[in-house]
Amino acid sequence: MSAAPSLIAQQIKPTSSGYAPANGIQVYYEVYGEGKPVILLHGAYYTIEMNWGELIPELAKTRKVIALELQGHGHTPYSDRKLSRSTLASDVEKVMDYLKIDSADVMGYSFGGQIAYQFALQSPQRLKNLVIISAVYKSEGWLPEVNAVFKKMKPELFANSPLQTAYDAVAPDKTKWNKFLEQMIASAGEPFDLGDDNIAKITAPVLIISGDNDGMDKIELAKTYKLLGGGVSADMQAMPKARLAVIPNQSHVSLMRQTKIIFSYVDDFLQ
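At position 12 of the sequence shown (counting the first as 1) the number is 68 in the working numbering, and the numbers step up by one without a gap.
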């Protein structure tokens, strides 16, 4: 994960940006374009620009794009508040309240995808469509070697990485970098499971996008798709609301560079 892509200059500027109060912290957001709202939730350690810099200009041609930076990430200040998926998902809802958005499509990558799953479970009335990119709803969704890495990560692995460069460029207090890393690493090392039964209760249409070698256990991915109503013989019954796309020759990091492919799937799904 520390081998993140180099910073990508955004081709457009936000129409508005700022901070929204959310559960005791101030969450940074950027808004682009006009139309039906879609909320973007970035991966662990990423900023808006690093994660979504190429995709936002495409989405913003026809959509109102709201990109957030989660607790401690990017412009959003570090906080000693306990890092939990339920609280972060609640933060998303608080930002929606602040921006007067009743409901929206939600798209999350990696760690942001976990928060998107959590949002779907606890705020279903605020969700229209869900896009999950290379993300799991339980630890077992990753290959064993990925979980092993999570348990061995140390802050020094991130020193002078593109992730630190991105953080230093926008963080309100760069001295919080190590505290932020420690908080995130501790969270990554804790097993979690949002529950098969809960995932099966998601009623919103879901699009899952995965790289064929992105660290996700593809047997568990197939089970996830089945829980969401997919994996059927659509010649014999109705096509499910859920969709699954596995992009060939892609790792977890390289997948987010496939802007044209991801946009084509997302644009068709969100019509």
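Cβ atoms here follow ideal geometry from the backbone N, Cα and C, with glycine treated the same way.
Quick caveat: nothing in here was measured; it's all calculated off a predicted structure.
- Message: Helix, strand or coil, according to DSSP, for LEU115 in the structure here?
- Response: Helix at LEU115.
- Query: Given a threshold of 16 other Cβ atoms within 10 Å of its Cβ, counted over all protein chains shown, does LYS120 qualify as buried or as exposed?
  - Reply: Counting Cβ neighbours within 10 Å, LYS120 comes out buried, since at least 16 surround it.
- Message: Quick check on the DSSP output: what are the complete beta strand (DSSP E) runs of length 3 or more inside the stretch 252-296, in order along the chain?
- Response: List check, beta strand (DSSP E) in window: 262-267.
- 8 Å contact criterion, which LEU97 and LEU126 should meet: CB distance rounded: With 8 Å as the limit, LEU97 and LEU126 qualify as a contact, their Cβ atoms being about 7 Å apart.
- Item | 8 Å Cβ cutoff met for GLY251 and TYR165 | In terms of Cβ geometry, GLY251 and TYR165 do not form a close pair [threshold 8 Å].
- Secondary structure, alpha helix (DSSP H): runs of 4+ residues fully inside the stretch 160-184: If we require 4 residues or more, the alpha helix (DSSP H) runs fully inside the stretch 160-184 come out as 167-178.
- Task: For SER217, name the three-state secondary structure that DSSP assigns.
- Result: Assigned with DSSP and collapsed to three states, SER217 falls in coil, not helix or strand.
- Query: Quick one: what does DSSP say LYS120 is sitting in, helix, strand or coil?
  - Reply: Strand.
- Query: For ARG299, which three-state DSSP category applies?
  - Reply: In this structure, ARG299 counts as strand in the three-state DSSP scheme.
- Query: What is the rounded straight-line gap between the Cα of ILE255 and the Cα of SER266?
  - Reply: For ILE255 and SER266, the gap between their C-alpha atoms comes out near 17 Å.
- Between GLY89 and PRO296, what straight-line distance do the alpha-carbon atoms span, to the nearest angstrom? Going from the Cα of GLY89 to the Cα of PRO296 covers about 30 Å.
- Backbone secondary structure at GLU238 - three-state DSSP: DSSP places GLU238 in helix when its eight states are reduced to three.
- Query: What distance in whole Å lies between the Cβ atoms of GLU276 and GLU196, which are believed to be in contact at a cut-off of 8 Å?
  - Reply: Correct: roughly 6 Å between the Cβ atoms.
- Item | Stretch-stretch touch, CB-based, cutoff 8 Å, three pairs: the stretch 108-116 with the stretch 142-160 | Counting Cβ pairs under 8 Å, fewer than three are found: no touch.
- Message: One question on the structure: do TYR346 and TYR193 come within less than 8 Å of each other, judged by their Cβ atoms?
- Response: The question about residue 346 has no answer, for the chain in this structure spans 57 to 327.
- Got a sec, what are the start and stop residues for the alpha helix (DSSP H) SER142 sits in? Start and end: 141-154.
- Taking 8 Å as the cut-off, decide whether the C-beta atoms of VAL94 and LEU124 are in contact. Not a contact, by the Cβ cut-off of 8 Å.
- Item | Beta-carbon spacing of ASP278, GLY285 below 8 Å | The question names Asp, but residue 278 in the sequence shown is Ala. No, they are not a contact pair.
- Considering only residues of the same chain and omitting the five flanking positions on each side of SER73, which have a CB-CB separation below 6 Å? Closer than 6 Å at the Cβ level, and outside the excluded window around SER73, lie GLU86.
- Message: Please classify ARG313 as buried or exposed, where buried requires at least 16 other C-beta atoms within 10 Å of its C-beta.
- Response: Exposure of ARG313 is indicated by the presence of fewer than 16 other C-beta atoms within 10 angstroms of its C-beta.
- Among GLY130, ASN216, ILE122, GLY91, the one whose alpha carbon lies nearest that of MET106: Minimum Cα-Cα distance from MET106 among the listed residues GLY130, ASN216, ILE122, GLY91 corresponds to GLY130.
- Message: My assumption, with CB atoms under 8 Å, is that PRO180 sits in contact with ALA260. Please give the rounded CB distance.
- Response: Here PRO180 really is in contact with ALA260; their C-beta atoms are around 7 Å apart, less than 8 Å.
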